[in-house]
Every structure is written in structure tokens, then in C-alpha cells.
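Scroll down for the structure; my scribbles are underneath it.
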Amino acid sequence: MHAAKHINVEAPASNVARVARKLIMKSQMKAGVRARKASQARALTDRLERAF
117 MHAAKHINVE APASNVARVA RKLIMKSQMK AGVRARKASQ ARALTDRLER AF
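The sequence shown begins at 117 in my numbering and counts up one residue at a time.
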């Protein structure tokens, strides 16, 4: 436990940046998927409204 704390304190900045970038990329991907689904749904409703 003490060793883990020691490593955590002395973690290189590049490692922290890499982890942060990974988290940001993950959240961006989730947002992108949500946006794509929303735009697909909008396109579908537009087509239906035009059809009727």
C-alpha cells in the first residue's frame, strides 16, 4: 500500500496526461455516438413527415 502511494506521488506527468487523454477520448466517443443517433432519428422523422 505504501509502495502504491509512493508510485502515485512520483507518477510522471506524461503518464497522467496519457490517462487524462484516454478518458477525454472515451467521453468524446460517447458524445459522438449520442449525436449520431440523434441526427439519425431526426433524419428518419424528416423522411416520415415528407412521406405523409
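The C-beta atom is built at its ideal place from N, Cα and C for all residues, glycine as well.
Could you check the C-alpha separation between residue i and residue j for me, to the nearest Å?
i	j	result
Arg-139	Arg-166	It is worth fixing the name first, because residue 139 is Leu in this sequence and not Arg. If you take the alpha carbons of Leu-139 and Arg-166, they lie about 41 Å apart.
Arg-158	Ala-129	43 Å
Val-132	Leu-164	48 Å
Val-135	Gln-144	14 Å
Met-141	Phe-168	41 Å
Gly-148	Ala-154	10 Å
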